[in-house]
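Following: one structure in structure tokens, then a few remarks.
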Amino acid sequence: MFSNKTASALVTIVALALMIVACGTPAAQTAAPVVQTVVVKETAAPVVQTAVVVQTAVPQIVTTTPGPQGPAAGSLAINGAGATFPFPLYSRWFYDYAFVDPSVKFNYQSIGSGGGIAQITAETVDFGASDAILNNDQYSKAPGIQMFPTVAGAVVPAYNLLGDDGKPITAILNLPSAAIADIFLAKITKWNAPVLQQANPEVKLPNKDIVVVHRSDGSGTTYIFTDYLSKISPEWKDKVGNATSVKWPTGLGGKGNEGVSGLVAQNDGAIGYVELAYAVTNKLPYAVPQNKAGKYIDPGKGPEGVQSAMNDFSTDLGDKLAVSIVNAPGEGSYPIAGYTYLLLYMDQQDCLKARKLVTFMNWALTDGTKDATDLQYVPLPDNVKKLVLDKAAKISCQGKPL
Amino acid sequence: MQSSLLSVTQNDQRLNYRRRQAVNQVMLGLCGVAALIAILPLAWILLYVVQRGYGSLNLDFFTQLPTPVGVAGGGVFNAIVGSAMVVGLACLMAIPVSLIAAFYVYERPNTLLGTLIRFSTDVLSGVPSIIMGIFAYTVIVLTQGHFSALSGGFALAIIMTPIALRTTEEMLKLVPKTLREGSLALGAADWRTLLQVMLPAAISGVITGIMLGVARVAGEAAPMLFTAFGNPFFSAALDQPIATLPHQVYVYAISPYKDWQDKAWATALVLIALVLSLEVVARGVTSWQQRKLRGR
Chain A
1 MFSNKTASAL VTIVALALMI VACGTPAAQT AAPVVQTVVV KETAAPVVQT AVVVQTAVPQ
61 IVTTTPGPQG PAAGSLAING AGATFPFPLY SRWFYDYAFV DPSVKFNYQS IGSGGGIAQI
121 TAETVDFGAS DAILNNDQYS KAPGIQMFPT VAGAVVPAYN LLGDDGKPIT AILNLPSAAI
181 ADIFLAKITK WNAPVLQQAN PEVKLPNKDI VVVHRSDGSG TTYIFTDYLS KISPEWKDKV
241 GNATSVKWPT GLGGKGNEGV SGLVAQNDGA IGYVELAYAV TNKLPYAVPQ NKAGKYIDPG
301 KGPEGVQSAM NDFSTDLGDK LAVSIVNAPG EGSYPIAGYT YLLLYMDQQD CLKARKLVTF
361 MNWALTDGTK DATDLQYVPL PDNVKKLVLD KAAKISCQGK PL
Chain U
1 MQSSLLSVTQ NDQRLNYRRR QAVNQVMLGL CGVAALIAIL PLAWILLYVV QRGYGSLNLD
61 FFTQLPTPVG VAGGGVFNAI VGSAMVVGLA CLMAIPVSLI AAFYVYERPN TLLGTLIRFS
121 TDVLSGVPSI IMGIFAYTVI VLTQGHFSAL SGGFALAIIM TPIALRTTEE MLKLVPKTLR
181 EGSLALGAAD WRTLLQVMLP AAISGVITGI MLGVARVAGE AAPMLFTAFG NPFFSAALDQ
241 PIATLPHQVY VYAISPYKDW QDKAWATALV LIALVLSLEV VARGVTSWQQ RKLRGR
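In the order they appear, the protein sequences are chains A and U.
In terms of the numbering used here, the first sequence has 295 at position 295, counting the first letter as 1, and numbering is strictly consecutive.
In terms of the numbering used here, the second sequence has 59 at position 59, counting the first letter as 1, and numbering is strictly consecutive.
Written out as structure tokens, the structure reads:
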């Protein structure tokens, strides 16, 4: 007992001493983090501007919210969970909305699309969120559920490739639709395959193996990507199919967008699909897939490519307001895009929560679009927005209209 | 002839002694190296977390609420309070149960119930923490219909119980038997002997055990995912989702944004510092108490 105690006391002392030493010489050791913060500020610059407006408008609330007495009297908590894809935007929306309507606090946790569907089905949350469209089986478990598109986003194949001169290739590569499925089916295995080299005459592609990287976890991003592959390749549709997680014919698996981009960044010759916002903020080069009309539309240049894809399908949303927008036929459409949805019961149990949710959706789709554009998401076209808000107005509470 | 023989044996002995001394030195050196290697991971982790997290630390980090991506500033005030609440709840649930059960196991080690308790705590301490989270989710979240601080505390209490129980039992066993016999001989009842003689004698070890349990559960993120759930706003309500430090580290760390990843390191640093200082305080209190006991 005694020696045990002495040993652990020693360890604690050493640990504390180390901490003190580390804190005592901040100049030397924090040099790297300081540089990094500067980089952050640069990338976040356009985003910060809007935030400043919010903060200066209501400075008193900013300082009073974290008071130890907790939420103000009568403050309502609405909990939701689901997709990770819109999480940055939703957390921004809910943060800003707490200033618009201080009487309600939206708590959103990004546990994945599958988790969002499961939790709203189990009714442990007030709303769910998903990038994947619910299948009939999922609808039958929670019959009253309705999908509400909020924004759309693009998925891009990010890559990492050193050229023959030893320098990384950073161009926006063109990816013919014939090639993309073959790459993920392991039928094209070299970067200098003729079909790839012909599509990119300005870049000299090296004779290197292609390392395929995919998601290992269930994910809405995988759903959108395999949806696209199934639409362009009958072989993919037969062999692999379309789901939030599939049996990949080849490649390495990474958890989450960060896992995939980490593997891409570590492997020369790697290609893996990530959300556009992810590729842009992490400065990963990406390839642009060819659309149905044969054009290459870079989604990083602006929201037009995804907007065009949404417009191509804007009359096909149906009663559940859900539609796949991959491989859109328009000339200017980006082909690997998808909506992300809020999941709500059409008949709510708590009338106050229901009213607040509908009011929030109206705010998010009008005033909230600015936040969406800042964070590389694409707001809904007007006709889709009208469909969503009309449907939201029909939400009832215990059988009665709100 | 005789003298030369003597000198040879003397020489032999001297050589032998020098060889043994050398071996001793080498072995001692190896022990030192092994000890250093054992401490190295801890030192490395601490240094690394301090190095990565120090830059994002400031007063606001302790007093403000989290901000979304791109909004500068913000802190983890809600997660500090949340972690304190959830771990506090876990202590409230786990400590009485594990102390009383440990008394029982110590007093009646060979009864059916005693064996059962010891066996099941051994099994329980090997169960992955995420299973405790799912269990708490099924038992509390699904039946109540919402995520809550209470369910988080419950999950952590189950993780903490076997650690606190087994350490307490071991510490009671280390108390000299004569002390117990003396107390009983003086006519003290069993409960009195336990509470006023055995427990004070074992208290520093018991508190170490509880602190080990606290340190272990304070860093658990997995069971929090489906119980305490997380909350970007301040909440001190037991029946509402609540933020905790490890869960906040997880949320920040998996994000694609550099400023959130930096905040993940800073949050981890806060978590480690809080757990370490809690440990130091608890050790200080027990050694002070022991000195007081000895002084009497």
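Glycine included, each C-beta is placed from N, C-alpha and C at the ideal position.
In the structure shown, S255 (chain U) adopts coil according to DSSP, grouped into three states. It is roughly 40 Å from the alpha-carbon of N267 (chain A) to the alpha-carbon of N79 (chain A). Annotation: the segment 205-280 of chain A contains the following complete segments of the beta strand (DSSP E) (minimum length 3 residues), in chain order: 211-215, 252-254 and 270-275. Distance from the Cα of A293 (chain A) is smallest, within the candidate group A:N192, A:P201, A:T315 and A:S177, for A:S177. Between V69 (chain U) and the set A:Y339, A:A81 and A:Y90, the nearest pair of CA atoms involves A:Y90.
Within chain U, the residues whose beta carbon sits less than 8 Å from that of A122 (chain A) are L142, listed in sequence order. Cβ contact annotation for N192 (chain A) (same chain, cutoff 8 Å, sequence separation greater than five): L205, P206, N207 and K208, in chain order. For I254 (chain U), the closest Cβ of chain A is nearer than 7 Å. If you keep only unbroken alpha helix (DSSP H) runs of at least 4 residues inside the segment 14-78 of chain U, you get 59-63. Taking 7 Å as the CB threshold, N231 (chain U) lines the interface with chain A.
Residue contact check for P88 (chain A) against chain U: a CB pair falls below 7 Å. Check the Cα spacing between A142 (chain A) and each of A:A199, A:G269, A:S333 and A:A118: the tightest is with A:A118. Between R294 (chain U) and S287 (chain U), the alpha-carbon positions lie close to 10 Å from each other.
Using a Cβ-Cβ cut-off of 7 Å, K204 (chain A) does not count as an interface residue toward chain U, since no Cβ of chain U sits closer than that to its own. If you draw a straight line from the Cα of A122 (chain A) to the Cα of G153 (chain U), it comes to about 22 Å. For R92 (chain A), a Cβ of chain U is located within less than 7 Å of the residue's own Cβ. When only Cα atoms are considered, T178 (chain U) and A94 (chain U) end up about 30 Å apart. From the beta-carbon of Q290 (chain U), no residue of chain A is found nearer than 7 Å; the closest lies around 10 Å away.
For P200 (chain U), no Cβ of chain A is located within less than 7 Å of the residue's own Cβ.
Closest option to A243 (chain U), judged by alpha-carbon separation, among U:G230, U:A72 and U:V251: U:G230. Rounded to whole angstroms, the Cβ separation of L357 (chain A) and L389 (chain A) is 13 Å, and the two are not in contact under 8 Å.
Distance between S83 (chain U) and N311 (chain A), taken at the CA atoms: about 47 Å. In this structure, the straight-line span from the alpha carbon of V127 (chain U) to that of I183 (chain A) is close to 42 Å. Using a CB distance cut-off of 7 Å, Y257 (chain U) counts as an interface residue toward chain A. When DSSP states are grouped into helix, strand and coil, M147 (chain A) belongs to the strand group. Spanning the alpha carbons of F119 (chain U) and C397 (chain A) requires a straight line of approximately 51 Å. The bridge partners DSSP lists for S396 (chain A) are A:D347 and A:P401. Around G256 (chain A), the beta-carbon contacts reaching into chain U at under 8 Å are I254. Taking a Cβ-Cβ cut-off of 8 Å, N160 (chain A) has no neighbours in chain U, whose nearest Cβ is about 16 Å from it. Residue environment: K105 (chain A) is assigned as buried (16 or more neighbouring CB atoms within 10 Å of its CB, all protein chains considered). The beta carbons of A186 (chain A) and P249 (chain A) sit closer together than 7 Å.
Contacts between D217 (chain A) and chain U, judged by CB atoms closer than 8 Å, are missing: the closest CB pair is about 11 Å apart. For the 7 Å CB-CB criterion, S308 (chain A) and S333 (chain A) form a contact. By DSSP's assignment, F229 (chain U) forms a beta bridge with U:I242. As a beta-bridge residue in DSSP terms, S110 (chain A) pairs with A:G82.
For the 7 Å CB-CB criterion, G116 (chain A) and A81 (chain A) form a contact.
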